[in-house]
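Residue numbers (the numbering used here): 2 to 297.
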Amino acid sequence: MGITSALTVNDLVLHNPYDPFHHPKRDARLGTPVLIQLMSTPAGLPRWGLRLYRAGGLLLLVLSMFVAIQGQVATSSPADDPYLVEGVSDTIAYGLGRSIKITGTVKNGAIALGADVIVQGTVEGDVAAIGGSVIQLEGSRIGGDVIVIGGAYRHGNEAPNRSASSTTIMYAGYEQELRNMMRNPTEMVTPHWSARYVGLRILAVLFWFVVSLALTAAMPGTISLGIARLQLTTVRVAIIGFVAAAIIGAGVPFSLHYFPTALSALIGLLALLLIVVAGLFGRVVIYAATGRWLQR
Numbered sequence: 002m003g004i005t006s007a008l009t010v011n012d013l014v015l016h017n018p019y020d021p022f023h024h025p026k027r028d029a030r031l032g033t034p035v036l037i038q039l040m041s042t043p044a045g046l047p048r049w050g051l052r053l054y055r056a057g058g059l060l061l062l063v064l065s066m067f068v069a070i071q072g073q074v075a076t077s078s079p080a081d082d083p084y085l086v087e088g089v090s091d092t093i094a095y096g097l098g099r100s101i102k103i104t105g106t107v108k109n110g111a112i113a114l115g116a117d118v119i120v121q122g123t124v125e126g127d128v129a130a131i132g133g134s135v136i137q138l139e140g141s142r143i144g145g146d147v148i149v150i151g152g153a154y155r156h157g158n159e160a161p162n163r164s165a166s167s168t169t170i171m172y173a174g175y176e177q178e179l180r181n182m183m184r185n186p187t188e189m190v191t192p193h194w195s196a197r198y199v200g201l202r203i204l205a206v207l208f209w210f211v212v213s214l215a216l217t218a219a220m221p222g223t224i225s226l227g228i229a230r231l232q233l234t235t236v237r238v239a240i241i242g243f244v245a246a247a248i249i250g251a252g253v254p255f256s257l258h259y260f261p262t263a264l265s266a267l268i269g270l271l272a273l274l275l276i277v278v279a280g281l282f283g284r285v286v287i288y289a290a291t292g293r294w295l296q297r
């Protein structure tokens with residue numbers, strides 16, 4: 002079974018006689034991604050030289066990755082010197098990574114991301130803080146709601162001057178994490194090397210290896226055709242994916258808004274199923290194509 006599957010994959014990927022657009026020279030030019038073309042081995046080298054050339058290329062990529070990571074300069078958090086809002090303001094008072102202190106009157110609310118909102122004057126609208134706290138000092142007034150995510154709502158010993166219809170929404174967890182994320186958004190995409198990080202990456206690789214192996218063994222012909230189409234018609238595959246994403250992104254909200262509940266729910270479930278299957282099948286095809294190239 003394994004030998005038959007491997008032969009089927011090799012034959013369909015390398016020699017696809019059923020493709021009307023099959024042409025050996027064009028396949029050799031278009032069938033390899035740009036990164037693989039850059040890493041392709043020069044002709045005339047012996048077998049051990051080819052292996053050494055590829056190993057050196059992979060080692061160079063890994064070293065470049067480490068150099069790029071180490072070359073990133075950690076941004077120092079600025080001193081939390083609050084920005085003063087004085088006088089009368091008709092707009093929203095906001096702070097991004099910097100606390101704001103309202104000593105005057107703000108008529109349209111205040112919000113702080115990764116910092117605190119200190120109210121010493123009057124705020125007619127709502128006051129919100131994400132990754133920070135809302136601090137209402139003595140003698141101040143908040144006319145709207147108070148929303149705090151990753152922080153706390155603090156006031157003096159006396160009852161705060163609030164509107165009778167106002168509410169307080171507060172979630173006190175992950176204050177430091179949210180504060181750091183709001184102040185340094187690049188930390189979300191910057192890898193932090195640790196044993197846990199490396200272990201999770203290895204576990205993810207093993208998981209997708211098992212999934213790819215199982216799907217390839219169960220559907221060798223389908224995976225082989227997918228690899229062949231990906232190699233021969235890369236632009237067409239990209240256009241189909243872009244158009245499908247645009248249709249799903251616009252069609253599902255439209256159906257949820259205008260169609261009956263049962264029909265819109267069915268369309269949403271079918272779109273979700275299509276996204277899951279396409280993502281799973283696409284990953285397996287890309288991994289199989291990469292493995293096929295590494296075996297050459």
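Glycine included, C-beta positions come from ideal geometry on N, C-alpha and C.
Can you give me the C-alpha to C-alpha distance between residue i and residue j, rounded to a whole angstrom?
i, j, result
"V285", "L114", "40 Å"
"G292", "L201", "22 Å"
"A29", "Y54", "With a pLDDT of 47 at A29, under the threshold of 50, the modelled position of this residue cannot be trusted, and the question is left open."
"I287", "I248", "24 Å"
"L178", "A218", "As written in the sequence, residue 178 is Glu, which differs from the Leu given in the question. So the two alpha carbons sit approximately 43 Å from each other."
"R184", "Y172", "19 Å"
"Q296", "A229", "16 Å"
"I143", "S134", "14 Å"
"G50", "M182", "47 Å"
"T223", "I112", "53 Å"
"H156", "P186", "30 Å"
"R180", "E188", "12 Å"
"G126", "Q137", "14 Å"
"S213", "F260", "38 Å"
"G174", "A153", "9 Å"
"I241", "T168", "48 Å"
"T262", "F255", "12 Å"
"W209", "R197", "18 Å"
"V206", "V199", "11 Å"
"P83", "F243", "45 Å"
"I204", "L97", "For the sequence presented, residue 204 should be read as Leu rather than Ile. Whole-angstrom Cα-Cα distance: 37 Å."
"F22", "G280", "Confidence at F22 is low in this model, with a pLDDT of 44, below 50, so the placement of that residue is unreliable and no value is reported for it."
Report the residue from the options whose alpha carbon sits nearest the alpha carbon of residue i.
i, options, result
"T123", "D91, A266, F260 and A239", "D91"
"L226", "D117, G58, G57 and A289", "A289"
"L275", "V206, A245 and T191", "A245"
"D117", "S100, K108, V206 and I268", "S100"
"M220", "W294, L59 and F282", "F282"
Taking C-beta to C-beta, are residue i and residue j nearer than 8 Å?
i, j, result
"V128", "G105", "no"
"I93", "G110", "yes"
"S265", "L257", "yes"
"V107", "V86", "yes"
Report, in whole angstroms, the separation of the C-beta atoms of residue i and residue j, which I expect to be a contact under 8 Å.
i, j, result
"G145", "E176", "Rounded, the Cβ-Cβ distance is 22 Å, inconsistent with contact."
"Q121", "I103", "6 Å"
"I268", "V253", "6 Å"
"S141", "N158", "Contact doesn't hold; Cβ gap of about 14 Å is too wide."
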